[in-house]
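Line by line, the protein sequences give chains A and B. For the first sequence, the positions run 1 to 243 when my numbering is used. For the second sequence, the positions run 244 to 348 when my numbering is used.
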Amino acid sequence: MALNRKQAYLKMIQKGFIAMLPLNLAVLPWGILCGSLAIQRGFSVLEAILMPVLIFAGAVQLVVIELINDNVPLATILFTAFIISSRHFLYGLALRDKLKNLPFRWRGSLGFLLTDELFALSGESKSLQGKLKLVYALSAGGSFYLCWLLWNIIGITAGSYLPDLTNLGLDFAIAVTFIALVVPTITNLAVLITVIVAGFFSVILKLANWELGLVISSLIAMFCGYITAHKQTKLTIKRNRTL
Amino acid sequence: MTLLTIVLLACITFFSRYLFLHPKLPLRMGAKMTHFLSFSAPAVLTAIWVPIIFIKDNSFNSDLTNPYLIAATVAIITSYKSQNIYLTLGTSIPTFVVLQLLFKS
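In structure tokens, the structure reads:
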């Protein structure tokens, strides 16, 4: 039995790794960009490595490298990072009921690893339920952490030999990864409405330079999706009654 | 000084990810809230990727020769037809790279 249990865990580690693998590969250009930019903007190797090790957030890293380099006041830097990170509050809320009663070693580790990518993989209703699913998530999130670190280190090592990568369009890899994660989940009208509304408002609010545009457009979209689902259920109930 | 900044930034990202997982937080979620939050993944991820496609240097770019737009269209079609991440990345990224090279020269 003990061996079987161990085998089951190993299987889950493997499954988590395989599920995250395309995303691990997709952030390679982005990770190299973050690492090399830090070196090109005058950060020491230690500082450049500590960013993926401790902060572990591509969008925050990229923005604060430029802000620190421009000698922006500390409060502004922290505030900006807070705004960029604020979408994670939604992820924590969405997973709260599944994780809040677990021991800190699970909450803390999965919380630390809770990137956009891990959250996207934790979407199904049965995710994170039971120890095997937790091991799966830990393996997916952990492998993403290690790859992110590795890609950053490649960027840091190659940093001074590479040209400035910021305007090469490496952000397309991020966009296309998220497209590949979102499109298969559009299985009903409510999600379709959510996606259209999120796309519309995110562009409008970004053009208007609203700092919290990402979170606000997400909330509006979630609300529209929720209302759509609600209306549909009501309609079905009505139809069933009249039939 | 930079090291301190990095540590503080790490606290912020961890705080934002961990806060609502904390059991002592006085917050109960009902069925409605849970249902509402079930739309968070498509909403947030879309709100990240759509501006990458359409906004260049703070202005709207719906130019039909915008490599982002063409390659994203390829990605959406591939993803819809195949539901396969590798295939989606494998068709759209090369499309994007070729278009970037074509339009730059």
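Where is the CB? At the ideal position from N, CA and C, for every residue including glycine. Treat the numbers as computed from the prediction; the structure is a model and nothing was measured.
Contact criterion: CB-CB distance below 9 Å. Does M51(A) meet it with respect to chain B? yes
Assuming V210(A) is part of the alpha helix (DSSP H), what are its boundary residues? The sequence given here places Trp at residue 210(A); Val does not occur at that position. Looking at the DSSP string, W210(A) is not in any alpha helix (DSSP H), and its letter there is neither H nor E.
Checking 9 Å against the spacing of the C-beta atoms, do I227(A) and F201(A) come in under that value? Against a cut-off of 9 Å, the Cβ pair of F201(A) and I227(A) comes out as no contact.
Shorter than 9 Å from the beta carbon of L251(B) to some beta carbon of chain A? yes
In three-state DSSP terms, what is S302(B)? strand
is_contact[P269(B), chain C] using C-beta, thresh 9 Å: Reference to chain C is not applicable here, since the protein chains of this structure are A and B.
For the alpha helix (DSSP H) containing D97(A), list its first residue and its last residue. 87 to 99
Ends of the alpha helix (DSSP H) at N188(A)? No alpha helix (DSSP H) contains N188(A), which DSSP labels as neither H nor E.
Does K126(A) come within less than 9 Å of chain B when only Cβ atoms are used? no
Under 8 Å between beta-carbons, which chain B residues line up against V191(A)? List them in chain order, please. F282, P285
Using 8 Å as the threshold, is the region 184 to 192 of chain A in touch with the region 65 to 72 of chain A, meaning 3 or more CB pairs across them? no
Run through DSSP, which three-state label would M244(B) get? coil
Taking S325(B) as part of the alpha helix (DSSP H), name the residues at either end of that continuous run. 310 to 325
DSSP on R271(B), reduced to helix/strand/coil? coil
Min CB distance L345(B) to chain A below 9 Å: no
According to a CB-to-CB cut-off of less than 9 Å, which residues of the region 162 to 183 of chain A neighbour chain B? L168, G169, D171, F172, A173, I174, A175, V176, T177, F178, I179, A180, L181, V182, V183
Along chain A, in chain order, which residues have C-beta atoms closer than 7 Å to that of L262(B)? F89, G92
Out of curiosity, what's the CA-to-CA distance linking F79(A) and M244(B)? Here the alpha carbons of M244(B) and F79(A) stand approximately 17 Å from one another.
Could you say which of A75(A), P73(A), L114(A), S109(A) lies nearest to R87(A) if we only look at CA atoms? L114(A)
Contact list for A38(A) against chain B, beta-carbon separation under 9 Å: Going along chain B, no residue has its Cβ under 9 Å from A38(A), so there is no contact; the nearest lies around 10 Å.
Pairwise C-alpha distance: S127(A) and A133(A): This sequence places Lys at residue 133(A); Ala is not what is there. When rounded, the distance between both Cα atoms is 6 Å.
Closer than 7 Å by beta-carbon distance: list the chain A residues that pair up with P294(B), in chain order. S202, V203, K206
When you compare the region 5 to 19 of chain A with the region 203 to 222 of chain A, are there three or more beta-carbon pairs, one atom per stretch, that lie closer than 8 Å? no
Would you say L332(B) reaches chain A, if we count a Cβ-Cβ gap shorter than 9 Å as a contact? yes
Candidates L146(A), K98(A), Y145(A): which alpha carbon is nearest K131(A)'s? The option with the nearest alpha carbon to K131(A) is K98(A).
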